[in-house]
Amino acid sequence: MNDTDTTSEITTPMEIDTENQQIACENLLNDHLQKMKRQIEYHGKELDEKQSTFIRFTSTIQETIEIHVQTYGIKPLEMKRDLK
């Protein structure tokens, strides 16, 4: 076997840096997603508590709130909560 028949893969410092940056970005993104998930759960529970305190909270009121929220560019909390 001579040297021209063997192929070796050499990792360059640039590839290592790129790989490390990718891992760091993935970790940062994962941390941010976990934080957002906790916030969504908190606000979902808060919404459920507030809805349960209203005696006459109807589906019509719920629909009106969702339309209002959608109009102003924020997704309804229920949709975010369902992304689990």
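Each residue of the sequence shown is one higher than the one before, starting from -4 at the first, in our numbering.
Backbone N, C-alpha and C define an ideal beta-carbon position, used for all residues, glycine too.
Since the structure is predicted, the reported quantities are computational estimates derived from the model, not experimental observations.
Subject >> Three-state secondary structure assigned by DSSP to L78 >> reply: In the sequence shown, residue 78 corresponds to position 83, counting from 1. It is coil, neither helix nor strand.
Original post:
In chain order, what residues of the same chain lie with their CB nearer than 7 Å to the CB of I62, ignoring the 5 residues before and after it?
Top reply: Looking up residue 62 in the sequence shown gives position 67. Nothing meets the Cβ criterion.
**OP:** Let me know the secondary structure DSSP gives R33 once reduced to three states.
**Re:** The residue labelled residue 33 in the question sits at position 38 within the sequence shown. Helix at R33.
Original post:
First and last residue of the alpha helix (DSSP H) that includes T59?
Top reply: In the sequence shown, residue 59 corresponds to position 64, counting from 1. Run containing T59: 54 to 66, per the alpha helix (DSSP H) assignment.
Original post:
Which residues in the same chain as L24 place their Cβ atom closer than 6 Å to its Cβ, once the five residues preceding and following it in sequence are excluded?
Top reply: The count along the sequence shown starts at 1 and reaches residue 24 at position 29. Within the same chain, L24 has no close Cβ partners at all.
Subject >> Length of the line joining the Cα atoms of M31 and I50 >> reply: In the sequence shown, the residue the question calls residue 31 occupies position 36. In the sequence shown, the residue the question calls residue 50 occupies position 55. When rounded, the distance between both Cα atoms is 31 Å.
**OP:** Determine the direct distance from the alpha carbon of F52 to that of C20, and round the result to whole angstroms.
**Re:** The residue you call residue 20 lines up with position 25 of the sequence shown. The residue you call residue 52 lines up with position 57 of the sequence shown. The alpha-carbon atoms of C20 and F52 are separated by roughly 43 Å.
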